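Written below as structure tokens is the structure these notes are about.
In this note's numbering, the protein residues as written are 2 to 111.
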């Protein structure tokens, strides 16, 4: 029983929230994977107290057909600068299955 850990009350959001925080290079590789799959990047943001609700605010329109990782990162950073207290997440929309192929929080609000 010594191996059992107490429940951590930190809220979990999306795919990678149960893993240690990603550094800039790992984040870049995840964005590259999303783009290489042909998924359309979309950015959403929300206040931390509303993060568990179903609807987040969309930052601009999804970036249909975007192939540049740097462009996606620039938009993520622009959203974070405009809303520094909000959580910001990246979503990969899969045209084929008409669903989200991936979604993960890039910046956490205060």
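Note that beta-carbon positions come from the ideal geometry of N, C-alpha and C, so glycine has one too. Every value quoted in this text rests on a predicted model; they were computed, and no experiment measured them.
In this model, residue 58 and residue 40 are separated by some 20 Å (Cα to Cα).
Closest option to residue 109, judged by alpha-carbon separation, among 80, 98 and 31: 80.
Non-local beta-carbon contacts of residue 17 in its own chain, meaning distances under 6 Å to residues more than five positions away in sequence, involve 105 in chain order. Relative to residue 51, the option among 93, 87, 101 and 63 whose CA is nearest is 87.
In the three-state reduction of the DSSP assignment, residue 111 falls in the coil class.
Shown here, residue 20 sits in coil according to DSSP, grouped into three states, outside any helix or strand. It is roughly 25 Å from the alpha-carbon of residue 23 to the alpha-carbon of residue 61.
With fewer than 16 other Cβ atoms from the protein chains shown falling within 10 Å of its own Cβ, residue 20 counts as exposed.
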